[in-house]
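Step one of this worksheet: look at the structure below.
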Amino acid sequence: MVLCPICKQTIAREEKKTMACTVTTCQAIFHGKCLNADESEFEALRALRKNWVCPKCEKARKNIQPTDKCLSPPRSAPQQQTVDSTSQLLLAAIKNLTEEVKGLKFSLDANANEDTPQKPPLSFS
Numbered sequence: 259m260v261l262c263p264i265c266k267q268t269i270a271r272e273e274k275k276t277m278a279c280t281v282t283t284c285q286a287i288f289h290g291k292c293l294n295a296d297e298s299e300f301e302a303l304r305a306l307r308k309n310w311v312c313p314k315c316e317k318a319r320k321n322i323q324p325t326d327k328c329l330s331p332p333r334s335a336p337q338q339q340t341v342d343s344t345s346q347l348l349l350a351a352i353k354n355l356t357e358e359v360k361g362l363k364f365s366l367d368a369n370a371n372e373d374t375p376q377k378p379p380l381s382f383s
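Every letter in the sequence shown is one number past the one before it in my numbering, and letter 109, counting from 1, is 367.
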């Protein structure tokens, strides 16, 4: 049994004129008439159904204040050292692979030049 948060009346499964809030933590279902939507407004709301946010969630979104502070706890020194050493190992591995690729390209180019018959230089008289 689902109740409309506005009128507190039951919403029947077969009822067509309803809207569901897409906010994961809410997902409340409303009667279209409780949203004061006339037929054209209701159809417009239905078209936006995937992204429709109920009035309560919309108000909550507007009240969220942006912050420039990191919300995760700071890393401890040992954790940071592990991250730094892992980064250094990855960079060294990338450099080694880059050198290997350069060597392979050089070998391929050298082999290609050996397999291709040399054309005599053009001379203009």
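Even glycine gets a Cβ: it sits at the ideal position worked out from N, Cα and C.
- Within the same chain, Cβ atoms closer than 6 angstroms to the Cβ of Cys262 are found at Ile269, Phe288, His289 and Cys292, the five residues on either side in sequence being excluded.
- Membership of Ala318 in the alpha helix (DSSP H) is indicated by the continuous run Pro313 to Asn321.
- Separation of Ala278 and Asn354 (C-alpha to C-alpha, rounded to the nearest whole angstrom) is 55 angstroms.
- Met259 is the residue among Cys265, Thr340, Val341 and Met259 whose C-alpha sits nearest the C-alpha of Arg271.
- Inclusion of Ala350 and Lys314 in the CB contact set at 9 angstroms is not warranted, their separation being larger than that value.
- In terms of Cα proximity to Lys275, the closest of Asn321, Ser298 and Thr283 is Ser298.
- Classified as exposed, Cys265 has fewer than 16 neighbouring CB atoms from the shown chains inside 10 Å of its CB.
- Counted as a single uninterrupted DSSP element, the stretch harbouring Ile264 is not any beta strand (DSSP E), since DSSP gives it neither H nor E.
- Rounded to whole angstroms, the gap between the alpha carbons of Thr344 and Lys317 is 44 angstroms.
- The DSSP-derived three-state label of Thr283 is coil.
- Counting along the chain, the unbroken beta strand (DSSP E) around Ala278 starts and ends at Thr276 to Ala278.
- Between the alpha carbons of Phe300 and Trp310 lies a gap of roughly 12 angstroms.
- One Cα belongs to Asp342, the other to Ile352, and the distance between them is close to 15 angstroms.
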